[in-house]
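S.K.: Once you've had a glance at the structure underneath, I'll fire off some questions.
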Amino acid sequence: MPFVPLLHAEWIKIRTLRSLLGALAAVLVVTVAFSAVTAARADRSDPLYSVFFGVSLGQVAAVVFGALAVSGEYGGGALRLTLAAVPDRTRWFAAKAVAVALPVLAVGLLTGLATVAVGGATAGLTWAEGLRGVVGCALYLTLMALLAAGLAAVLRSGVGTLGLLIPFLLIVSFVVGDLASGAVGYLPDRAGQLALHSAPGGPLGPWTGLAVTALWAGAALGAGAWCVRRRDA
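Going left to right, the sequence shown walks through residues 1 to 233 as my numbering numbers them.
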(Lines of atoms letter the chains of each structure in order from A; the text may use other names.)
(Lines give C-alpha, C1' and ligand atoms only; values in the text may rest on other atoms or scores of the structure.)
Protein backbone atom coordinates (compact mmCIF):
# COMPACT_ATOMS: atom_id res chain seq x y z
CA MET A 1 0.00 0.00 0.00
CA PRO A 2 1.39 3.48 -0.87
CA PHE A 3 2.36 5.60 2.11
CA VAL A 4 -0.24 8.36 1.74
CA PRO A 5 -3.29 6.05 1.74
CA LEU A 6 -1.70 4.18 4.65
CA LEU A 7 -1.28 7.44 6.54
CA HIS A 8 -4.90 8.32 5.78
CA ALA A 9 -6.03 4.97 7.16
CA GLU A 10 -4.09 5.57 10.38
CA TRP A 11 -5.61 9.03 10.71
CA ILE A 12 -9.10 7.53 10.36
CA LYS A 13 -8.32 5.24 13.29
CA ILE A 14 -7.28 8.22 15.41
CA ARG A 15 -10.15 10.56 14.61
CA THR A 16 -12.78 7.90 15.22
CA LEU A 17 -11.64 7.20 18.79
CA ARG A 18 -13.08 9.62 21.33
CA SER A 19 -10.34 8.91 23.85
CA LEU A 20 -7.69 10.13 21.42
CA LEU A 21 -9.64 13.22 20.42
CA GLY A 22 -10.23 13.92 24.10
CA ALA A 23 -6.50 13.70 24.79
CA LEU A 24 -5.79 16.19 22.00
CA ALA A 25 -8.41 18.57 23.37
CA ALA A 26 -6.91 18.21 26.85
CA VAL A 27 -3.50 19.31 25.55
CA LEU A 28 -5.03 22.65 24.59
CA VAL A 29 -7.39 23.13 27.53
CA VAL A 30 -5.01 22.09 30.31
CA THR A 31 -2.02 24.01 28.97
CA VAL A 32 -3.89 27.25 28.37
CA ALA A 33 -5.84 27.07 31.65
CA PHE A 34 -2.80 26.57 33.86
CA SER A 35 -0.71 29.02 31.86
CA ALA A 36 -3.36 31.70 32.33
CA VAL A 37 -3.06 31.31 36.10
CA THR A 38 0.74 31.41 36.20
CA ALA A 39 1.01 34.25 33.67
CA ALA A 40 -1.01 36.48 36.00
CA ARG A 41 1.80 36.00 38.54
CA ALA A 42 4.62 36.17 36.07
CA ASP A 43 8.18 35.75 37.24
CA ARG A 44 9.91 38.76 35.70
CA SER A 45 13.21 36.88 35.62
CA ASP A 46 11.66 34.23 33.33
CA PRO A 47 8.41 35.57 31.84
CA LEU A 48 8.37 33.06 28.99
CA TYR A 49 8.24 30.05 31.32
CA SER A 50 5.64 31.80 33.46
CA VAL A 51 3.40 32.03 30.39
CA PHE A 52 4.09 28.45 29.24
CA PHE A 53 4.16 26.75 32.64
CA GLY A 54 0.98 24.89 31.71
CA VAL A 55 2.95 22.80 29.22
CA SER A 56 4.32 20.87 32.21
CA LEU A 57 0.81 19.50 32.70
CA GLY A 58 -0.42 19.62 29.12
CA GLN A 59 2.40 17.28 28.11
CA VAL A 60 0.69 14.52 30.09
CA ALA A 61 -2.23 14.63 27.65
CA ALA A 62 0.20 14.52 24.72
CA VAL A 63 1.87 11.47 26.23
CA VAL A 64 -1.51 9.81 26.74
CA PHE A 65 -2.39 10.46 23.10
CA GLY A 66 0.85 8.97 21.78
CA ALA A 67 0.70 5.92 24.03
CA LEU A 68 -2.95 5.08 23.34
CA ALA A 69 -2.64 5.64 19.59
CA VAL A 70 -0.10 2.80 19.41
CA SER A 71 -1.17 0.53 22.27
CA GLY A 72 -4.68 0.31 20.85
CA GLU A 73 -3.27 -1.83 18.06
CA TYR A 74 -2.38 -4.54 20.58
CA GLY A 75 -5.90 -5.04 21.87
CA GLY A 76 -8.29 -7.59 20.41
CA GLY A 77 -5.97 -8.72 17.65
CA ALA A 78 -6.15 -5.39 15.82
CA LEU A 79 -2.47 -5.49 14.93
CA ARG A 80 -2.83 -8.84 13.15
CA LEU A 81 -5.58 -7.38 10.97
CA THR A 82 -3.50 -4.28 10.27
CA LEU A 83 -0.44 -6.29 9.26
CA ALA A 84 -2.55 -8.57 7.10
CA ALA A 85 -3.46 -5.48 5.07
CA VAL A 86 0.02 -3.90 5.33
CA PRO A 87 2.70 -6.62 5.49
CA ASP A 88 5.50 -4.04 5.52
CA ARG A 89 5.74 -3.49 9.27
CA THR A 90 8.28 -0.70 9.06
CA ARG A 91 6.11 1.27 6.64
CA TRP A 92 3.10 0.77 8.87
CA PHE A 93 4.92 1.94 12.00
CA ALA A 94 6.29 4.97 10.16
CA ALA A 95 2.74 5.88 9.10
CA LYS A 96 1.56 5.44 12.67
CA ALA A 97 4.31 7.75 13.94
CA VAL A 98 3.44 10.43 11.38
CA ALA A 99 -0.26 10.06 12.20
CA VAL A 100 0.62 10.69 15.85
CA ALA A 101 2.97 13.60 15.15
CA LEU A 102 0.88 15.71 12.78
CA PRO A 103 -2.22 16.25 14.93
CA VAL A 104 -0.12 16.90 18.04
CA LEU A 105 1.97 19.41 16.10
CA ALA A 106 -1.17 21.19 14.88
CA VAL A 107 -2.73 21.24 18.34
CA GLY A 108 0.60 22.29 19.82
CA LEU A 109 0.78 25.31 17.51
CA LEU A 110 -2.79 26.25 18.37
CA THR A 111 -2.02 25.77 22.06
CA GLY A 112 1.07 27.96 21.82
CA LEU A 113 -0.82 30.74 20.05
CA ALA A 114 -3.68 30.60 22.56
CA THR A 115 -1.24 30.60 25.47
CA VAL A 116 0.57 33.68 24.19
CA ALA A 117 -2.74 35.39 23.48
CA VAL A 118 -3.94 34.73 27.04
CA GLY A 119 -0.78 35.52 28.99
CA GLY A 120 1.76 37.16 26.71
CA ALA A 121 0.70 40.77 27.29
CA THR A 122 0.38 40.29 31.05
CA ALA A 123 3.88 38.84 31.33
CA GLY A 124 5.38 41.39 28.97
CA LEU A 125 6.71 38.96 26.38
CA THR A 126 8.54 40.32 23.39
CA TRP A 127 7.51 39.29 19.89
CA ALA A 128 10.60 37.08 19.56
CA GLU A 129 9.93 35.36 22.90
CA GLY A 130 6.31 34.74 21.97
CA LEU A 131 7.29 33.22 18.63
CA ARG A 132 9.88 30.97 20.25
CA GLY A 133 7.34 29.90 22.82
CA VAL A 134 4.76 28.95 20.20
CA VAL A 135 7.22 26.94 18.09
CA GLY A 136 8.92 25.41 21.11
CA CYS A 137 5.60 24.41 22.64
CA ALA A 138 4.45 22.67 19.45
CA LEU A 139 7.72 20.83 18.86
CA TYR A 140 8.12 19.78 22.49
CA LEU A 141 4.60 18.35 22.77
CA THR A 142 5.04 16.51 19.47
CA LEU A 143 8.33 14.95 20.56
CA MET A 144 6.88 13.81 23.89
CA ALA A 145 3.93 12.20 22.10
CA LEU A 146 6.36 10.37 19.81
CA LEU A 147 8.45 9.27 22.78
CA ALA A 148 5.31 7.73 24.30
CA ALA A 149 4.36 6.13 20.98
CA GLY A 150 7.76 4.46 20.68
CA LEU A 151 7.66 3.16 24.25
CA ALA A 152 4.13 1.84 23.74
CA ALA A 153 5.38 -0.23 20.81
CA VAL A 154 8.17 -1.61 22.98
CA LEU A 155 5.98 -2.37 25.99
CA ARG A 156 2.84 -3.28 24.00
CA SER A 157 0.81 -1.64 26.75
CA GLY A 158 -0.73 1.77 27.17
CA VAL A 159 -1.04 1.24 30.91
CA GLY A 160 2.60 0.22 31.19
CA THR A 161 3.77 3.19 29.13
CA LEU A 162 1.73 5.70 31.08
CA GLY A 163 2.68 4.05 34.36
CA LEU A 164 6.30 4.66 33.42
CA LEU A 165 6.16 8.12 31.85
CA ILE A 166 3.58 10.03 33.89
CA PRO A 167 5.22 9.51 37.31
CA PHE A 168 8.55 10.30 35.67
CA LEU A 169 7.28 13.59 34.23
CA LEU A 170 5.31 14.72 37.28
CA ILE A 171 7.48 13.44 40.13
CA VAL A 172 10.80 11.81 39.36
CA SER A 173 12.21 14.44 37.02
CA PHE A 174 11.42 17.26 39.43
CA VAL A 175 12.79 15.43 42.48
CA VAL A 176 15.97 14.34 40.72
CA GLY A 177 16.36 17.77 39.18
CA ASP A 178 16.20 19.41 42.58
CA LEU A 179 18.78 17.04 44.06
CA ALA A 180 21.27 16.80 41.22
CA SER A 181 22.58 18.67 38.22
CA GLY A 182 24.56 18.05 35.06
CA ALA A 183 23.22 14.92 33.41
CA VAL A 184 19.70 15.66 34.66
CA GLY A 185 19.54 18.48 32.14
CA TYR A 186 19.65 15.90 29.38
CA LEU A 187 16.46 14.14 30.43
CA PRO A 188 13.84 14.46 27.67
CA ASP A 189 11.48 16.79 29.53
CA ARG A 190 14.17 18.92 31.13
CA ALA A 191 16.04 19.41 27.86
CA GLY A 192 12.99 20.06 25.69
CA GLN A 193 11.44 22.62 28.01
CA LEU A 194 14.53 24.83 27.74
CA ALA A 195 12.84 26.24 24.64
CA LEU A 196 10.20 27.65 26.98
CA HIS A 197 12.62 29.58 29.18
CA SER A 198 13.60 33.18 28.49
CA ALA A 199 17.28 32.59 29.24
CA PRO A 200 18.04 28.89 29.76
CA GLY A 201 21.21 28.24 31.68
CA GLY A 202 23.63 25.36 31.37
CA PRO A 203 25.28 23.81 28.33
CA LEU A 204 22.08 23.44 26.32
CA GLY A 205 20.19 26.21 24.58
CA PRO A 206 16.54 26.28 23.51
CA TRP A 207 17.04 24.46 20.21
CA THR A 208 19.83 22.13 21.30
CA GLY A 209 17.56 21.13 24.20
CA LEU A 210 14.82 20.23 21.76
CA ALA A 211 17.40 18.30 19.72
CA VAL A 212 18.20 16.22 22.81
CA THR A 213 14.49 15.48 23.29
CA ALA A 214 14.33 14.55 19.60
CA LEU A 215 17.13 12.04 20.16
CA TRP A 216 15.16 10.45 23.01
CA ALA A 217 12.05 10.28 20.84
CA GLY A 218 14.04 8.89 17.92
CA ALA A 219 15.59 6.21 20.12
CA ALA A 220 12.16 5.20 21.43
CA LEU A 221 10.72 5.06 17.91
CA GLY A 222 13.71 3.07 16.69
CA ALA A 223 13.27 0.56 19.51
CA GLY A 224 9.54 0.44 18.80
CA ALA A 225 10.11 -0.20 15.10
CA TRP A 226 12.57 -3.00 15.92
CA CYS A 227 10.04 -4.63 18.25
CA VAL A 228 7.26 -4.35 15.66
CA ARG A 229 9.48 -6.06 13.06
CA ARG A 230 10.83 -8.81 15.31
CA ARG A 231 7.93 -9.80 17.54
CA ASP A 232 4.90 -11.83 16.65
CA ALA A 233 1.73 -9.81 16.21
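Backbone N, C-alpha and C fix where the C-beta goes; we use that ideal spot for every residue, glycine too.
Which residue's Cα is closest to the Cα of Ala114: Val135, Leu7 and Leu79?
M.R.: It is Val135 whose Cα lies nearest to the Cα of Ala114.
S.K.: Using only the alpha-carbon positions, how far apart do Ala117 and Trp207 sit?
M.R.: Those two C-alpha atoms are separated by around 23 Å.
S.K.: Alpha carbon to alpha carbon, how far is Leu102 from Gly76?
M.R.: Each residue's Cα considered, the two are about 26 Å apart.
S.K.: Are Phe3 and Ala95 touching if we call contact CB-CB under 9 Å?
M.R.: Contact: yes.
S.K.: When the Cα of Gly192 is compared with those of Gly124, Gly72 and Tyr140, which residue comes out closest?
M.R.: When only C-alpha atoms are compared, the closest one is Tyr140.
S.K.: Are the segment 25 to 33 and the segment 54 to 65 touching, with three or more C-beta to C-beta distances below 8 Å?
M.R.: Touching, yes.
S.K.: Using the Cα positions of Ile12 and Gly120, report the straight-line distance between them to the nearest angstrom.
M.R.: Each residue's alpha carbon lies about 36 Å from the other.
S.K.: What residue from Arg229, Ala148, Val154 and Gly163 has the CA that sits closest to Ser189's CA?
M.R.: One detail in the question is off: residue 189 reads as Asp in this sequence, not Ser. Nearest option by C-alpha distance: Ala148.
S.K.: By the 10 Å Cβ neighbour count, where 16 or more other Cβ atoms means buried, how is Arg18 classified, buried or exposed?
M.R.: Exposed, since its Cβ has fewer than 16 Cβ neighbours within 10 Å.
S.K.: Tell me the DSSP secondary structure of Pro87 in three-state form.
M.R.: Pro87 falls in the coil class under three-state DSSP.
S.K.: I need the straight-line Cα distance from Glu10 to Ile171, nearest angstrom please.
M.R.: Each residue's Cα considered, the two are about 33 Å apart.
S.K.: Is Arg18 helix, strand or coil when you go by DSSP?
M.R.: Of the three classes helix, strand and coil, the one that applies to Arg18 here is helix, per DSSP.
S.K.: Just to confirm, is the Cβ distance from Leu125 to Val51 under 9 Å?
M.R.: Their beta carbons are under 9 Å apart, which means Leu125 touches Val51 by this criterion.
S.K.: Around the C-beta of Arg41, are 16 or more other C-beta atoms found within 10 angstroms, so that it is buried, or is it exposed?
M.R.: Looking at its Cβ environment, which holds fewer than 16 other Cβ atoms inside 10 Å, Arg41 is exposed.
S.K.: State the Cα-Cα distance for the pair Pro200 and Asp46, rounded to the nearest angstrom.
M.R.: Rounded to the nearest angstrom, the two C-alpha atoms are 9 Å apart.
S.K.: By alpha-carbon positions, which one of Ala195, Val100 and Gly150 ends up nearest to Leu7?
M.R.: Closest option to Leu7, Cα to Cα, is Val100.
S.K.: Taking Ser45 as part of the alpha helix (DSSP H), name the residues at either end of that continuous run.
M.R.: Ser45 -> no alpha helix (DSSP H), and no H or E assigned at all.
S.K.: Going by C-alpha distance, which of Gly185, Gly218 and Ala138 is nearest Gly205?
M.R.: It is Gly185.
S.K.: So the alpha helix (DSSP H) Glu129 belongs to, where does it begin and stop?
M.R.: Start and end: Trp127 to Leu155.
S.K.: Note down the Cα distance separating Leu57 from Asp232, rounded to an integer number of angstroms.
M.R.: Approximately 35 Å, taken between the alpha carbons.
S.K.: Measure the alpha-carbon distance for Val162 versus Ala67 and round it to whole angstroms.
M.R.: Note on identity: in this sequence residue 162 is Leu, with Val being the wrong assignment. Cα to Cα, Leu162 sits roughly 7 Å from Ala67.
S.K.: Using only CA atoms, which one of Ala23, Val98 and Phe93 lies nearest to Arg230?
M.R.: Ranking Ala23, Val98 and Phe93 by Cα distance to Arg230 puts Phe93 first.
S.K.: For Leu155 and Gly209, what's the separation of their Cα atoms in angstroms?
M.R.: Answer to the nearest angstrom: the Cα atoms are 26 Å apart.
S.K.: Pull up the distance between the alpha-carbon of Leu20 and that of Ala97, whole angstroms please.
M.R.: Rounded to the nearest angstrom, the two C-alpha atoms are 14 Å apart.
S.K.: Note down, in chain order, each residue of its chain lying with its Cβ closer than 6 Å to the Cβ of Leu105, except the 5 sequence neighbours on either side.
M.R.: Cβ neighbours of Leu105 beyond the five flanking positions: Ala138 and Thr142.
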